[in-house]
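Working notes, structure below.
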Amino acid sequence: MKRTKGLFTVMLMLCQVAVFAQAREIKGTVKDSKTNETLPGVTILVEGTSIATTTDAKGEYSINVEGEGKKLVFSSVGYLLQTVAADKASIDVMLVLNTTLLKETVVTALGVSKEKKALGYSVSEVSGDDMRKSGEGNVIEALAAKAPGLNVIGSGGTPGASSKVTIRGANRFSGDNQPLIVIDGVPMDNSTNPAAAGDAPFNPNLQGVNQSNRAIDINPDDIESVSILKGPAAAALYGSRAGNGAIIYTTKRGKGGKGLGVTYSTSMEMAKVNKLPELQTKYGQGKLDPSGVPVTSTSTPNSWGPEALNPRNPYDDFFKTGYTYNNNVAVYGGNETTSLRLSLGNTNQTGVIPNTDLKRTTVRITADSKLTTKLTAGGTVDYTNTAVKRAQNGSNLAGVMLSLTRTPSSFDIRDYENEDGTQKQYYIVYDNPLYTAYKNPNTDQTNRVIGNVYLDYQLNESLGFLWRTGTDVYTTGTQQVYAISSVGDDNVSGLGQVNKSTLSSRNIYSDFLVRYNKKLTQNIGFEGLLGYNFTYDEGEYIFARGRNLQIPDYYNLNNASELYSSNSSSYQKTKAVFLDAAFDYKGMFYLTLTGRNEWSTAFGKGSKGFFYPKADISWVFSESVKLPKWFSFGKARAAYSIGGLAPETYSDKTYYRVPLYTDGFTQGNTLPYLGQSGYTISTELGNADLKPETVTGLEGGLDLRFLEGHITVDIAVYNQTSKNLLIRQPIAASSGFTSRYVNAGEMVNNGVEIALGIDPIQLLKPSADKFIWNLNVGWSKNKNKVTKLANGVEQFELEVGFGDPGAYAIVGEPMGVLYGSAWLRNDNGDLLVDASGLPKVDPQSKKIGDPNPDWLMNINNSFTYKSWNFSFLWDIRHGGDIWNGTSASLYTRGKLAATEDRNGTHTITGVYDAGTPLAGQASSIELPNYDGSGADYYTYIQGQNGPTENSIEDGSWVRLRSIGLSYRFDLTKIKKKTGFKYVELGVSGRNALLFTKYSGVDPETSLTGAGSNIGAFDYFNNPNTKSLFFNLKVGI
Amino acid sequence: MKNKIYILSAIVIFATGLNSCKKGDDLYLSPNSPASATPQTLLAAVEVGTFNNLEGGTARIASIFIQHNSGVAGQSIPHEQYKPTESDMDNYWNGLYTNMNNCKLLSDTYGAEDPYYSGIAKVLLSMNLGQATDMWGDVPYSEAFQGMNGNFTPHYDPQQVVLNSIQSLLDEAIASFATAPGSNHLTPGNDDFIFNGDVAAWTKVAYTLKARYYSRLSKKASFDPNVVLANLALGIASNVENCYSVHGTNGAEYNQWYAFLNDRSYMVASKVLVDSMGNMSDPRTPYYFDTTGVGSAVGNPLGSFNTAVSYWGPYVASGPDKHIPLVTYAEALFLQAEAEVRLGSGTAFTTLNNAIKASVSEVTEGANSGSSIATYTALNTTIHTVILEKWKAMFAQPIEAYSDYRRTGFPVLTPNPSALRPYIPQRLPTSLTERTSNPNAPTPDLDVPVWYAL
């Protein structure tokens, strides 16, 4: 043995001598594979020697290598080791983050960073860059298909249209089902606020315009990263706002250190309508005369007339290319103690519908300063001005799609205005679509300030304090006008109308946290958080309306001969104390206990507080069990929690209200009436024993990583039971009241979420530093079931809809099922027909569709080669019914492309119903496609004369949500200094491809938008868009 | 150091700026709704509610069933096809019962101090309740309006009991109107749109209503036509005393016939009525229907969906502020004529002719006396002709015509041949919410007659 060692030493010496002779210098730069940023401090070792060096501040190195066949080993904390053959004079290396070993942290509730492996619940992260790749200007829509369990539905492609997000399904029947939105630790208002008069009889979401969800005031370019706290466990610290989970946006902050940095980015987007219902243009306006011959008639809106002479497709005369210009400048700077970021953002968008646009300007200043070694202070002020011009939508006689799709091909919409400013219509009670677009704009402007300040005092290693307060204040002023001659006004009078409203909202949030960390024993660590929290929410709304205008195109209330105004306000305060105690054992076993007690004024005076607990455990079994080498990391987790959801304010009492009387066909009557005001007792009974709604979540999960983290798998399963759900329990009106507000309902969400990440190239060929392929797949399935409503209530309509269909909660069915008229069927499902063979309508309404998707999937591919990046994201939704009311209506009106064949017949088979001469026998008749009787194939089987069941369609889709190619010029290496650090160029597409069986507009559509719990209504919804955009980013 | 002071002071200023929060009751009591009302605001509201109920959807459906009008478009087609759905009924039913609840609340809360208010509330309540029982038969009353006390599933009273309750309500109202003005703490004025606080006028309406609802019992063995005549003797005695809904030109004040025509235009003249009236030979035709440009009324034939026909005319839709008859002299005279025929009185034909004249005069606002068509004689004055003529007269009160049709079988009507039911419905379906949330709610088929039609 001794001899061998001696020999080895001699050989080694010989080698060294030999190598010395061939020493040569190798140079290069080391960068992060993901961010493409240079990495300082990377150790480079010549394999098998002690020769080593580190990269400098610019990530550059040079090393002397002796001998052939040597390899260089690159290592840096948090990165995977990389070994490269030392066979060139210049070797640039991309290091890949070691997701296995790094002490990864993630932002959790209250903005607290926690170690990922300590978490017993599920959190998904989305980077700001991934969000921006979507090309969406709305930070909610930008999350679509980015994380399993997240369901984002945009309401349409018009500028400023809202997007609704839910996590793990709906949890409640009324109120918001969307997660809490938090920016830098302070909640922000993401409500969607339709303008509504105090005397408005109908659900304002069914008509009007596509409103914005107010998170649209955030500039996506300011976002650094997003944490999605799924379910009540992750969000438990938010107490009565935790039930729906939370989305935590962390904004970019200044970077301490040297000097000033500037980034500038600009983009130009061109958008087109991506999908429309197909129309026939062969036949023009008219109807069948008594002998069945098509005749031209303008007394009908229908297109059952003779062939049009010069047929036009109204779409060609209407939609245009929408352009969006985005410009962002950010300045970073700082010194050793203070850092600063100032950003300016501007978005200027025009829509595909004429005369629609959005202009948003944001200014954001963030500063952090270490005042002493222990005290840090900082804050952010964000000012946003968002101005939107919106087009009429939905069930609305001035609706763009309603009048556009019904436009007979014999009518030319381009000639829309008479000399006196009134419109040229094809039918007396529909607006000309171009006239309504140009003359009836809905304009609104929001001025918003979101700000927060904090003081952080770290007394010693164990004990620290954080005091933080934030405010979110905005005012939205809205004006809706209906020109004289437009029939969009409330009374279809054509006399002109102007609505003006102002919404002021102010939310204050403040908390004080005490942090305490201590190693209790050698093996047991403790991290504690004790806090107090205060919130105050205030909203005031003033609405004014003028009808019967005198001077055309002049929209001041003093131009109206009939005036009305209404106002409402609400104030709410909550206080809470909370505790979060986290224990860890040897870094392999973690237990966290959380409790929050909260008092809210919403429960009435003298109400006791409510307690929201949570417990979660995490076991890193790869630390305690010997696993095969390829099994790099394994963690099992479980959590139990109860999150809350607060009731509406002032619902603990029965008040008197100004009544509104309507049978649903007219605007009805209300007071003041002939100079008299009037009040009646509310039709809804208040509830003095209100409790919060609770969501009890039980979840488990696995976090697995294989082959040094080249394959990652995250699986979550959960069961969320919502209890004490507040229901406007419909009660028999014979009791004198039509509803009660009660804590009665229950529903359950069960689901699975799977996230899979692979980097195949690195996996197969670890040293291939130049080509990186990241493949991420997310899949989630949520099953919702309403398990209980209230005593004696088996179903109720969630919000006032069209009656038939309505969105219902029905025991045993998923939340929000579509309920309406259906065909009468026997037990085999055969249609029951009358003596003439015509299918009969079931006298009782029933469930006719389920808007909840069966599962959602997203597949993201990102390829990086040198400075090139190419990525594309597939978004798949399976299932989810939509009521295509547009189709039923266009069938009835002879406008849908399918109605072009109007002389043929369709075979209708069924079984003769009881009471007919051939009862029980099979029937088969040839039903004329159209004969004007109201009982033909197009109007009865497919159209509005038959049951609503006809127009339920599957809303599944496969879409290429985003695709993009970018190239980055690194200018730091160029000898001739330009002053630029880099220039990045990109071209991308949004919604480039869409595959769906849905026959209407893009099935990512919602008539009622983010402010409503009705899903899946399509009744002349404005269409969605696809777009191509170019962007340029410069770093200085 | 200076910077640090700036930063700290900025933070302090920011934080103190957040202090202006609401405190105390402002956080607990709604700033949007009052906790109590007044007799004036309640009366104004229940009158408007009554206008809306009596002119609204149920009247339109009755008008289609009774073939005054045809539903040729939109959601009126199912009514033309005799398939009103239970979900359609919620708005109508809720409108009636919530309004009745407030009538009762007004009477219960303020009745002792303000009997006139109580009396008007009871007359209005009986009109709403009458409509409910006419359209649905057995309906809740004795256990109704107890939601505040936790009874959400009232039993349904048999129609016989409901009709008795209406008589009691009207008797109580008449007694309230008989009190001296001095025993009223408050007396109604402008808040009573209908009669401006004139309790004598209300008393006559109450007696006429007693006659109306007593006449519903005509098929019953105990029916005594003399009771009808006795009540009518104290009832409305001229067109001047008619009870009308009152409307205005403000959007909240529209008459609902006008509003429906204006918003929806789903209903048109029925050829059955137009033909029965001999078209323009009846002076009321151009008032019922819009004959502009054509010179005569064009009705939609049963089974068709013709929209190139006559829409409503000035009698119900001359403008948003057109008043609509609720209880009239003509109706009183028709009730009298019917009672007289039943008693075998030889002068019934005079009453019938007077009824026709009162109707024509009311419809034409005095422009025509109606004598050209008021030509009945003792020979042809029968229940059939009295009810046929009443049917022509009750254009704006189609529920009266519908009730008469069901209890007398007149006028003889052919069911719409293209309807989904082979018969004219005898009632409306039970409202969806009532069926699903009140186990006491019966759900009879639409061919089951209401009790008074048996």
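Chains H and C are the protein sequences, given in the same order. The first sequence begins at 537 in our numbering and counts up by one. The second sequence begins at 309 in our numbering and counts up by one. In this text, a Cβ means the ideal position worked out from N, Cα and C, and glycines have one as well. The structure presented is a predicted model; accordingly, all values stated were derived computationally and were not measured.
| With distances taken between CB atoms, is the gap from H/Y1191 to C/A352 smaller than 8 Å? | As a position in the first sequence, residue 1191 of chain H is number 655, starting the count at 1. As a position in the second sequence, residue 352 of chain C is number 44, starting the count at 1. No, the Cβ-Cβ distance between H/Y1191 and C/A352 is not below 8 Å.
| On the premise that H/D1116 lies in contact with H/G1061, defined as a C-beta separation below 8 Å, what is that separation, rounded to the nearest angstrom? | Here the question's residue 1061 of chain H lines up with position 525 in the first sequence. Here the question's residue 1116 of chain H lines up with position 580 in the first sequence. Not a contact, Cβ separation roughly 14 Å.
| said: Strictly by DSSP, which residues pair up with C/M443? | reply: The sequence position of residue 443 of chain C within the second sequence is 135, counting from 1. Beta-bridge pairing links C/M443 to no other residue.
| query | Would C/A727 count as contacting chain H if we go by Cβ distances under 8 Å? | reply | Mapped onto the second sequence, residue 727 of chain C falls at position 419. So, not an interface residue.
| query | Assuming C/Y619 and C/D598 make a contact with CB atoms under 8 Å, what is their CB distance in whole Å? | reply | Mapped onto the second sequence, residue 619 of chain C falls at position 311. Mapped onto the second sequence, residue 598 of chain C falls at position 290. The C-beta distance from C/Y619 to C/D598 rounds to 5 Å, short enough to meet the 8 Å contact threshold.
| Does any CB atom of chain C fall closer than 8 Å to the CB of H/A557? | Numbered from 1 along the first sequence, position 21 holds the residue referred to as residue 557 of chain H. Only weak support exists for where H/A557 lies, its pLDDT of 45 falling under 50; the value from the coordinates is given anyway. No, no contact with chain C.
| Simplified DSSP state of C/E749, which is helix, strand or coil | In the second sequence, counting from the first residue as 1, residue 749 of chain C sits at position 441. Reading off the sequence shown, one finds Ala at residue 749 of chain C, where the question assumed Glu. If DSSP states are grouped into helix, strand and coil, C/A749 belongs with coil.
| query | Do you know offhand how far H/R1264's Cα is from H/A1326's? | reply | To locate residue 1264 of chain H, count along the first sequence from 1; it is residue 728. To locate residue 1326 of chain H, count along the first sequence from 1; it is residue 790. Each residue's alpha carbon lies about 10 Å from the other.
| Count the other CB atoms within 10 Å of the CB of H/I479; is the residue buried (16 or more) or exposed (fewer)? | The question about residue 479 of chain H has no answer, for chain H in this structure spans 537 to 1572.
| Under the three-state reduction of DSSP, which class applies to H/P1375: helix, strand or coil? | Residue 1375 of chain H sits at position 839 when you count from the first residue of the first sequence. Of the three classes helix, strand and coil, the one that applies to H/P1375 here is strand, per DSSP.
| request: Can you check the stretch 611–687 of chain C for any alpha helix (DSSP H) of at least 4 residues that lies completely inside it and give the ranges in chain order? | output: As far as the stretch 611–687 of chain C is concerned, its whole alpha helix (DSSP H) runs of at least 4 residues are 622–625, 637–651, 656–671.
| field | Secondary structure of H/G711, DSSP reduced to three states | value | Taking the first sequence and counting its residues from 1, the one referred to as residue 711 of chain H is at position 175. Coil.
| When you check each C-beta in the stretch 692–722 of chain C against every C-beta of chain H, which residues fall closer than 7 Å? | none
| task | Check the Cβ-Cβ distances between C/V758 and every residue of chain H, and say whether any is below 8 Å. | result | Locating residue 758 of chain C in the second sequence gives position 450, where the first residue counts as 1. Look at C/V758: its C-beta is not under 8 Å from any C-beta on chain H.
| field | Neighbourhood of H/S649 by C-beta distance below 8 Å, restricted to the same chain and skipping five residues each side | value | As a position in the first sequence, residue 649 of chain H is number 113, starting the count at 1. Excluding residues within five positions, the ones whose Cβ falls inside 8 Å are T641, V642, V643.
| query | Would you say H/Q1380 faces chain C, with C-beta separation under 8 Å as the test? | reply | Position 844 of the first sequence, counting from 1, holds the residue named residue 1380 of chain H. By this cut-off, H/Q1380 is an interface position.
| Between the beta-carbon of H/E814 and the beta-carbon of H/L1432, is there less than 8 Å? | Numbered from its first residue, the first sequence carries residue 814 of chain H at position 278. Numbered from its first residue, the first sequence carries residue 1432 of chain H at position 896. Yes. Within cutoff.
| message | Bridge partners for H/W1359 per DSSP, in chain order? | response | Along the first sequence, one-based indexing puts residue 1359 of chain H at 823. Partner(s): H/V1377.
| field | Interface positions of the stretch 1205–1223 of chain H facing chain C (Cβ-Cβ less than 9 Å), listed along the chain | value | The stretch 1205–1223 of chain H vs chain C, Cβ under 9 Å: N1205, T1206, L1207, P1208, Y1209, L1210, G1211, Q1212, S1213, G1214, Y1215, T1216, I1217, S1218, T1219, L1221.
| field | Within 8 Å, strictly: CB atoms of C/E394 and C/S739 | value | Start at 1 with the first residue of the second sequence, and residue 394 of chain C comes out as number 86. Start at 1 with the first residue of the second sequence, and residue 739 of chain C comes out as number 431. Yes, the Cβ-Cβ distance between C/E394 and C/S739 is below 8 Å.
| Can you find a C-beta in chain H that's less than 8 Å from the C-beta of C/V602? | Indexing the second sequence from 1 puts residue 602 of chain C at position 294. Chain H, which has no Cβ nearer than 8 Å to the Cβ of C/V602, makes this no.
| request: Can you pull the chain C residues whose beta carbon is under 9 Å from the beta carbon of H/N1027, in chain order? | output: As a first step, residue 1027 of chain H must be located in the first sequence, where it is residue number 491. Those within 9 Å of H/N1027 in chain C are G559, Y562, A567, N570, D571, P628.
| Among C/N608, C/D398, C/V354, the one whose alpha carbon lies nearest that of H/S1275 | The count along the first sequence starts at 1 and reaches residue 1275 of chain H at position 739. The shortest Cα separation from H/S1275 among C/N608, C/D398, C/V354 belongs to C/D398.
| query | According to the Cβ coordinates, are H/N968 and H/S939 closer than 8 Å? | reply | Here residue 968 of chain H refers to the residue found at position 432 when the first sequence is read from its first residue. Here residue 939 of chain H refers to the residue found at position 403 when the first sequence is read from its first residue. In this structure, H/S939 lies closer than 8 Å to H/N968 by Cβ.
| In the DSSP assignment, what are the bridge partners of H/T1012? | Counting from one through the first sequence, the residue named residue 1012 of chain H turns up at place 476. Its beta-bridge partners are H/T982, H/L1039.
| said: Let me confirm a value: H/G1170 is counted as buried when at least 16 other C-beta atoms fall within 10 Å, else exposed. Which label applies? | reply: Position 634 of the first sequence, counting from 1, holds the residue named residue 1170 of chain H. Classification of H/G1170: buried, given that the 10 Å Cβ count is 16 or more.
| Hey, would you say H/N1043 sits closer than 8 Å to H/D1073, going by beta carbons? | Here residue 1043 of chain H corresponds to residue number 507 of the first sequence, with the count starting at 1. Here residue 1073 of chain H corresponds to residue number 537 of the first sequence, with the count starting at 1. Using a Cβ distance threshold of 8 Å, H/N1043 and H/D1073 count as a contacting pair.
| field | Neighbouring residues, chain A, relative to H/Q1203 (Cβ below 9 Å) | value | In the structure shown, chain A does not exist; the protein chains are H and C.
| query | Counting only beta-carbon atoms, is C/G427 nearer than 8 Å to chain H? | reply | Your numbering for residue 427 of chain C matches position 119 in the second sequence. Output row for C/G427: interface = no.
| query | From what residue to what residue does the beta strand (DSSP E) around C/Q375 run? | reply | Taking the first residue of the second sequence as 1, we reach residue 375 of chain C at position 67. Note, C/Q375: premise wrong, no beta strand (DSSP E); not H, not E.
| request: Kindly indicate which three-state DSSP category H/D1116 falls into: helix, strand or coil? | output: Locating residue 1116 of chain H in the first sequence gives position 580, where the first residue counts as 1. Note: H/D1116 maps to strand in three-state DSSP.
| said: Let me check understanding here. Comparing Cα to Cα, which of H/S612, H/T574, H/I627, H/L617 lies closest to H/N600? | reply: Here the question's residue 600 of chain H lines up with position 64 in the first sequence. Among H/S612, H/T574, H/I627, H/L617, the Cα nearest to that of H/N600 is on H/I627.
| field | Unbroken alpha helix (DSSP H) run spanning H/I949, endpoints | value | On the first sequence, residue 949 of chain H is found 413 positions in, with the first residue counted as 1. Taken as a continuous stretch (DSSP letters only), H/I949 belongs to no alpha helix (DSSP H), as it is neither H nor E.
| task | Whole angstroms is fine: what's the gap from H/V1369's alpha carbon to H/D666's? | result | Translated into the one-based positions of the first sequence, residue 1369 of chain H becomes position 833. Translated into the one-based positions of the first sequence, residue 666 of chain H becomes position 130. Spanning the two alpha carbons is a distance of roughly 55 Å.
| query | If you draw a straight line from the alpha carbon of H/N1558 to that of H/G1547, how long is it in whole angstroms? | reply | Mapped onto the first sequence, residue 1558 of chain H falls at position 1022. Mapped onto the first sequence, residue 1547 of chain H falls at position 1011. Distance between the alpha carbons of H/N1558 and H/G1547 is about 17 Å.
| request: Answer with yes or no whether the minimum CB distance from C/F613 to chain H is below 8 Å. | output: On the second sequence, residue 613 of chain C is found 305 positions in, with the first residue counted as 1. Yes, contact with chain H.
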